[in-house]
Every structure is written in structure tokens, then in C-alpha cells.
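Notes follow once the structure below has been shown.
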Amino acid sequence: MATEKETSAATRNNSNSTKDAARTGETSASRTADHRAADASSDTVRSASRAMAETANRSANTARATAHDMASATDRAAKQMNRVFGLSSEAQEEMTQQTRENIESLAQCNGVLMEGMQSLWREWLGYSQEALRRQIAGLNTIARSRSVQDFYHAHSELVKDNTELLLDRSVKISELSAQVANNAVRRINASAQHRSHRS
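Each number in the numbering used here comes from the position in the sequence shown (counting from 1) with 265 added on.
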């Protein structure tokens, strides 16, 4: 017959096995929840990126159509002004051409800016996805804390990671913004140089 010590040891072993199984189940469920949340955030980012790309394309098409309409209106306005001021047909043609080139330069600059805005949005969406992933992982770590010290350590790590991510992405977004502005300025300068060489 089993002694009281043996029975007590067997009970403890069964209790520990049950606790280990429960922890394993909790960890597995937590990982599954992490994967589902990450998949959902990835889907959200992908659909937002598609919507943003569609919006950028529509905006670029609208900008092109507007530039074309403005060029036509400018031609008509230039012809009317030339009639009023009595400019020669050569001066009239030169003025119309210069106005058309200015509008085309603005349309090209708008295209560069729209592409840049799309890149900036992609960067912000990437930040949001990564921040959400880290937040979920950090909260799971906090939930698994077994002591107050573990809780504070996990919380501190979560805050530190989120702050580092925000600062890193802010630097990237600032650099990208400067690059977009430089590209737009280069486009305008190239158009101006092209016009000055032609003159």
C-alpha cells in the first residue's frame, strides 16, 4: 500500500503536470491570437495601401486632366489678351508656349509630390503595423508576468521598444519628406533650365 508521502508526491506531480499543460495551452492560445492579430493588421495595411494607390492614381489623372484644361483655357485667354493688347502673332505664340510649359511643369511637380505622399503613407502604415505587432507581443509578455518585478520589466521594455520604433520611423519619414521636396525642386529647376536654353 502507498505511503502518505508517496501519495502526496504523486498528487504534486499530477498538479504540476496539470499546471504545465495549462501553461502550454495558454502559450499556444496566445501565439494563435498573436498570429491572428498580426494577419488582421497585415490585411488592413494591404487594403489601405491599395486604397491609397488608387487614390494617388486618381489624383494624378485628375491633375493631368486639370493641367490639360488649364492649358486650353490659357491658350484662349492668351489669344484674347493678345487681341486686346495688339501683340504680334509671334509674341502671342511665345507667350502661349511659355504658359503651357509652366502648367506642364506644375503638373509634373504635382506628380512627383503625389508619388512622395504615397511613399510617406506607406511608411506610416508600415510603422502602424509594426507598432501593433510589438504592442500585442508586449501585452502578452505583461499578461504572462509572474511577479510585480516581471510586470514592471515587461512594461518598461514595451514602452522602450515603442519609443525607439517611433523615433526610428520619424527619422525615416523626415528623410523621405526631404527627398520628395528635393525631387520636386529638381523637376522645377530642370524645366526652368530647359526654357532658358531654348531662349
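Using N, Cα and C, we set each Cβ at its ideal position, and we do this for glycine too.
Taking only three categories from DSSP, how would you classify residue i?
i    : result
S354 : helix
R409 : coil
When the Cα atoms are used, what is the spatial distance from residue i to residue j?
i    : j    : result
A449 : L378 : 7 Å
S354 : S456 : 24 Å
V436 : Q400 : 21 Å
E358 : T428 : 59 Å
N405 : D308 : 21 Å
N371 : I453 : Before going on, a small fix: residue 371 reads as Leu here, not Asn. Approximately 8 Å between the Cα atoms of the pair.
L385 : L431 : 14 Å
S412 : L397 : 25 Å
S439 : E319 : 24 Å
N447 : E395 : 28 Å
S442 : R451 : 14 Å
R460 : R323 : 29 Å
D426 : S312 : 26 Å
S337 : Q362 : 11 Å
Q373 : N367 : 10 Å
R365 : R341 : 12 Å
Tell me which residues share the same chain as residue i and place their Cβ nearer than 6 Å to its Cβ, disregarding the 5 neighbours each side in the sequence.
i    : result
G381 : V445
W389 : none
G403 : L423
Y500 : Nothing about residue 500 can be reported from this structure: the residues present for the chain run from 266 to 464 only.
D419 : According to the sequence displayed, residue 419 carries Ala and not Asp. Answer for A419: T406, I407 and S410, listed in chain order.
H462 : none
How should residue i be labelled, buried or exposed, when 16 other C-beta atoms within 10 angstroms of its C-beta is the threshold for buried?
i    : result
Q458 : exposed
Q383 : buried
N375 : buried
I'd like the list of long-range same chain contacts for residue i, defined as Cβ closer than 7 Å, with 5 residues on each side in sequence excluded.
i    : result
F416 : I407 and S410
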